[in-house]
Amino acid sequence: MNGTQGAMLSLAIALVSLACPAQTTTVPFKQIQQDAQLSARAAVPPNEAAVGHAYGMVSGSSSSAGFVFVPPTAKTPRTISPGFLVLNGLHLGMAVFDVEMTQHCIANHRCVEGNPLMPSSQAGQLTVALASVSSFTFISYRLKKGGNRMWRAAPIAGIAAHTVGVASGFRYR
């Protein structure tokens, strides 16, 4: 919207608000007080009154305010919990440990990288490992946020894969 259109819109709003008779009408204070009391004495619908009586609550008297009982809802679990942090942190640690063990083994000419898609440099391997850990953590987060119990599968699979890499690094060390 350009400046001319904005000016036209604000002018139209100002003219409509000036022409509105409800803004210039005075309402006596007694009428406002009476309306407020009427809304405070609202009656509870029959189906909600039954819920109130089931929970031992009484409403609907003319002197008390009406209410609607809302049963307490279950508290949603936190997505970033200590268990989530431990599993995904262990996955990250095992990924870095796997890369370091592989680099140590390659430097001693005792083994080669088993994954043909993995770069041979330490920086390249760390980049790929951190990218995979990040994607697995994201998948785990989304599953846990959605309430799926399978959120543990992604970090556990990563931990298992990197544990095999670390174990082979110790074997050929």
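For the sequence shown, position 161 matches number 168 in our numbering, and the numbering has no gaps at all.
A virtual CB, placed ideally from N, CA and C, is assigned to each residue, including glycine.
In this text the structure is predicted, and so the values were computed from the model without any measurement.
Query raised in the report: Are there 16 or more other CB atoms within 10 angstroms of the CB of residue 82, so buried, or fewer, so exposed?
Result: exposed
Query raised in the report: Taking the C-alpha atoms as reference points, what is the distance between residue 109 and residue 176?
Result: 6 Å
Requested in this report: Compare the Cα-Cα distances from residue 157 to each of 147, 142, 89 and report the closest residue.
Outcome: 147
Report task. Using the Cα positions of residue 165 and residue 9, report the straight-line distance between them to the nearest angstrom. Result -> 54 Å
Report task. Taking residue 88 as the reference, give the member of 143, 152, 169, 99 with the closest Cα. Result -> 152
Requested in this report: Might you give, ordered along the chain, the residues of its own chain that have their beta carbon closer than 7 Å to the beta carbon of residue 170, omitting 5 neighbours on each side?
Outcome: 101
Report task. Alpha carbon to alpha carbon, how far is residue 78 from residue 66? Give it in angstroms, no decimals. Result -> Residue confidence for residue 66 is low, a pLDDT of 48 falling below 50, so the modelled location carries little weight and cannot support an answer.
Query raised in the report: What do you reckon, is the C-beta of residue 102 under 8 Å from a heavy atom of the ligand COA?
Result: Here there are no bound small molecules, and the ligand COA is not part of this structure.
Query - 8 Å contact criterion, which residue 103 and residue 136 should meet: CB distance rounded - result: 7 Å
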